[in-house]
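Start counting the sequence shown at 3; every next residue gets the next number (my numbering). Just so you know, even glycine gets a beta-carbon here, dropped at the ideal spot from N, CA and C. Here is the structure we will look at, set down as structure tokens.
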Amino acid sequence: MDDLRDFTSFVKGPRGAQDKDRKSGAAGIKSGYFGLQRELPVFLNQETFDVCRGAYPYLVPALRQDSCPRRVASLRWEVIDNNSDFEILGVKIVPLPVLHGGSYVCLGFSFDGGKFVYLSDVSEVQPPIMAQLESYSIETLILDCLDRGTSPSHFCLPDTLALVRKLRPQKTLLVGMSCELGLHDEVNEELRELLSTEGLDVQLAHDGLSIKIKP
């Protein structure tokens, strides 16, 4: 997340120090929000807030020591519970705690009554969450897919396709790919065969892709 200047709100699942590269995108917010009176709401759980507060004390008003304006983002931290629904701009969001390597928990999310599901960092979906996912009629699934091998902290292509076959969403977009997965167009051509052979619409996501979620 290199440039967040166009965001009006930001939902973040729990991440630890090993995902500091993702949290470092917070520095990119500052140029777009300097001088504005409104704050950018950031939704995150307590564990993630504790990490962000330590990494970016200048973004947490209670910890700021400066008395003059600075070119930093103006954020409103909204701490959410891992197991409680919340709402942003009229859209109900349901947290989906999944494993992201060992016992480390990362949040996925479902939107619009489960029609849109987002699982960007996952190594295992535990039975209660799997049952919840299976109860949804998923139209769009955003799903982790690192490469073609195995990983202790991420789904790789075999894991990804196994979950897609189980949930059978109308459309699946893969995210978090490494270069080892292959060239974008070539992999998409390979995945396109699943549509004719198994009725599964699976493609790689791409930069600039936007998806509308109905409130």
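Measure the C-alpha to C-alpha separation of residue i and residue j and round it to an integer number of angstroms.
{"i": "Val-166", "j": "Gly-210", "result": "23 Å"}
{"i": "His-208", "j": "Pro-129", "result": "30 Å"}
{"i": "Gly-115", "j": "Lys-94", "result": "8 Å"}
{"i": "Leu-143", "j": "Phe-113", "result": "10 Å"}
{"i": "Val-107", "j": "Glu-49", "result": "10 Å"}
{"i": "Gly-92", "j": "Glu-41", "result": "18 Å"}
{"i": "Leu-163", "j": "Val-96", "result": "23 Å"}
{"i": "Gln-134", "j": "Glu-126", "result": "14 Å"}
{"i": "Cys-147", "j": "Tyr-60", "result": "34 Å"}
{"i": "Met-179", "j": "Asp-161", "result": "13 Å"}
{"i": "Gly-201", "j": "Ile-215", "result": "24 Å"}
{"i": "Leu-159", "j": "Leu-109", "result": "20 Å"}
{"i": "Val-100", "j": "Val-119", "result": "13 Å"}
For the beta strand (DSSP E) that contains residue i, what are its first and last residues?
{"i": "Pro-99", "result": "93-101"}
{"i": "Pro-171", "result": "No beta strand (DSSP E) contains Pro-171, which DSSP labels as neither H nor E."}
{"i": "Val-107", "result": "107-113"}
{"i": "Val-204", "result": "204-206"}
{"i": "Phe-118", "result": "118-121"}
Rank the options by C-alpha distance to the C-alpha of residue i and give the top, closest one.
{"i": "Arg-170", "options": "Tyr-58, Cys-108, Val-124, Ser-139", "result": "Ser-139"}
{"i": "Pro-217", "options": "Lys-117, Lys-168, Leu-183", "result": "Lys-117"}
{"i": "Phe-157", "options": "Ser-122, Glu-188, Asp-52, Glu-136", "result": "Ser-122"}
{"i": "Pro-154", "options": "Cys-147, Glu-89, Gly-104", "result": "Gly-104"}
{"i": "Leu-176", "options": "Arg-150, Gly-201, Val-100", "result": "Arg-150"}
{"i": "Leu-183", "options": "Leu-197, Val-62, Thr-152", "result": "Thr-152"}
{"i": "Glu-80", "options": "Gly-110, Gly-56, Leu-46, Ala-57", "result": "Leu-46"}
I need the boundaries of the alpha helix (DSSP H) containing residue i, first residue and last residue.
{"i": "Pro-130", "result": "129-137"}
{"i": "Phe-51", "result": "48-57"}
Should residue i be labelled buried (16 or more other beta-carbon atoms within 10 Å of its own) or exposed?
{"i": "Asp-87", "result": "exposed"}
{"i": "Val-204", "result": "buried"}
{"i": "Gly-83", "result": "Position check: residue 83 holds Asp in this sequence, whereas Gly was assumed. Label assigned to Asp-83: exposed."}
{"i": "Asp-187", "result": "exposed"}
{"i": "Asn-85", "result": "exposed"}
{"i": "Val-189", "result": "buried"}
{"i": "Cys-54", "result": "buried"}
{"i": "Thr-174", "result": "buried"}
How is residue i classed by DSSP in three states: helix, strand or coil?
{"i": "Pro-217", "result": "coil"}
{"i": "Thr-199", "result": "helix"}
{"i": "Asp-146", "result": "strand"}
{"i": "Leu-77", "result": "strand"}
{"i": "Leu-185", "result": "coil"}
{"i": "Glu-126", "result": "strand"}
{"i": "Glu-89", "result": "strand"}
{"i": "Val-44", "result": "strand"}
{"i": "Val-62", "result": "coil"}
{"i": "Leu-211", "result": "coil"}
I'd like to know if residue i contacts chain D, where contact means its C-beta is closer than 8 Å to some C-beta of that chain.
{"i": "Val-189", "result": "The chain labelled as chain D is not found in the depicted structure, where only one protein chain is given."}
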